[in-house]
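Here the sequence shown stands for residues -15 to -1, 1 to 416, where the numbers follow mature numbering (1 follows the signal peptide of the UniProt record, and there is no 0).
Report on the following structure.
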Amino acid sequence: MLLFAAASLSFWAFPAPLLHRAAPRLLMQQPHLSEHEEPASPPREAPAPAIDPPQVEKVDKPTPIIVHESGSQCGRVLLIYTGGTLGMIKNGGAWLPHHESGNLGRLIQLMPEFHDDKMPDMDMIEYAPLLDSSNIGPKDWCSLAGQIGVHYYDYDGFVVIHGTDTMAYTASALSFMLEGLGKAVVLTGSIIPMREPFNDARRNLIASIMIASQLELSEVAIFFDNQLLRGNRAVKSDTHGLEGFTSPNFPPLALVGADGITARDRRLWRPQPVCRLRVHTNLEVNTVVIRLTPGFDDSAINAMIQHAPNLRGLVLSLYGTGNGPSHKEDFMRVVREAVRRDILVVAVTQCLRGAVTLDTYEVGRRLLEIGVISAGDMTCEAVVTKISYLCGRGLKGEDLRNAMTTDLRGEVTTASAVQDNHVRLYRAERL
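Here it is in structure tokens:
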């Protein structure tokens, strides 16, 4: 069971983004605007926010760590170091964050790869204290989104160094919070710290920086091992394996290998935005996730509904295509009561791959009839953060239900010929 405490912040608006540096051999795609997004606004000369961002407790000044003498031909990237295994040291047999501020930046400066002509200039913002990602939550998502918004026009791309445990949640949250994003925001980390003789940290960080500076990517992504994954499609799939993450229902955006960075199909990437950047930090995160098991005590759900008056979302992790114990009248009664109280009840699957289709079996249809929403092929991480984002936007009732099933940031498969074909082939490859 996961319970998220409430946060109440606002949004900031920024003028329409400049076009990013185009990646060679990759084609541009015409932009698409969701019905829930803001219309485009005319570009402005000054990149100042339209609304002051007082919600950021501290706007950190980036520290330069790599500056090419003659100027880099690959632009400029901001590294935001939140913590995680990548920069940890071992003490008493356990990994923990390095106590000395600026240590990772100095380590990067000593590595010749980061000074290569193919690498951009780099600045860094380092969190103090550094965080284990199990301690990262909605306030930290707001801080990250705010830092990206404040420094948006100073950099060609952004790399967030993050622990792996909650990286998929952070990536999903940022994908919704950064509406109209026109640059790459790449989250990465490692299974083995950079200070170890053999590690995956160096490769992951180098590739992420190159992707952020050189690819015309307009979305939040996770890079791990050799795969660039859409952030709101990724899940952590291995506690110790170097692959770390997988995207069960959507192909990788790109692969990195001997031939460099190879895109599977550029049309799968998010299009360049046609609206100005808006950083939304008003999150309502009173959401509970419950994984059903045979014999589950229905009174647990009832207790939450009765004693958590601010509960906005109930995510049910169900069997298969979205099946639950529909013949248990107590369970159905409790779910019906949640819907009656305007709690958004969303069904996700316990399976790694595939989608929820509540009308496939009779047991699922009964849930559909009482108001449970199908998550389709969204990950649980995407569902939780999407509920927080939409409730924070003030959506309620049918507007909220409709928005939940609408593809906003590429988080759910829609009726697109190109997307359907690629997703179908990708799932077949993984059987």
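C-beta atoms are modelled at their ideal positions from N, C-alpha and C, and glycine is treated no differently.
The model shown is predicted, which means the values in this text are computed figures rather than measured ones.
DSSP places Gln257 in the coil class of the three-state scheme, outside both helix and strand. Here Ile51 is not near Met109, since their CB atoms are 7 Å or more apart.
Counting only runs of 3+ residues, the beta strand (DSSP E) found wholly inside the segment 124 to 159 occupies 142 to 146, in chain order. With 16 or more other Cβ atoms inside 10 Å of its own Cβ, Glu366 counts as buried. With a cutoff of 7 Å on beta-carbon distance, Leu262 and Gly307 are scored as not near each other. Between Ser157 and Glu269, the gap from beta carbon to beta carbon reaches 7 Å or more. Pairing Ala360 with Val368 gives a Cβ-Cβ distance under 7 Å. Secondary-structure assignment with DSSP links Lys221 through a beta bridge to Phe230.
When rounded, the separation of the alpha-carbon atoms in Ala239 and Pro97 is 25 Å.
The C-beta distance from Ile290 to Ile328 rounds to 7 Å, short enough to fall under 8 Å. Taking a contact as a CB-CB distance under 8 Å, the pair Ile65 and Ile146 counts as one, their CB atoms being some 7 Å apart. If you look at Ser302, you'll find it in the beta strand (DSSP E) that goes 298 to 303. Ranked by Cα distance from Ala323, the options Arg187, Thr70, Asn287 are led by Asn287.
The bridge partners DSSP lists for Glu111 are Tyr66. The straight-line gap separating the alpha-carbon atoms of Ile194 and Tyr304 is approximately 39 Å. Looking at Leu202, Leu89, Ser311, Gly377, the one whose alpha-carbon comes closest to that of Val348 is Ser311. The C-beta distance from Thr70 to Trp80 rounds to 6 Å, short enough to meet the 8 Å contact threshold. If you check the CB distance, Phe235 and Arg252 do not come in under 7 Å. Taking 7 Å as the cut-off, the beta carbon of Ile177 is found closer than this to the beta carbon of Asp185. DSSP places Asp384 in the helix class (H, G or I) of the three-state scheme. A distance below 7 Å separates the beta carbons of Gly148 and Asp117. When C-alpha distances from Ser302 are compared across Asp283, Thr173, Thr278, the shortest belongs to Thr278. Selection Pro256, Ala388, Arg318 evaluated against Arg326 yields Arg318 as nearest (Cα-Cα). Here Arg187 has Met96, Glu98, Met179 as same chain residues with Cβ atoms under 8 Å from its own Cβ, once five neighbours each way along the sequence are excluded.
Here DSSP, grouped into helix, strand and coil, assigns Asn76 to strand. Within the segment 315 to 357, the alpha helix (DSSP H) runs of at least 4 residues that lie entirely inside it are, in chain order, 347 to 354. Comparing C-alpha distances from Glu111 to each of Tyr137, Pro105, Arg378, His83 shows the shortest one belongs to His83. In the DSSP assignment, Ala239 falls within the unbroken beta strand (DSSP E) covering 239 to 242.
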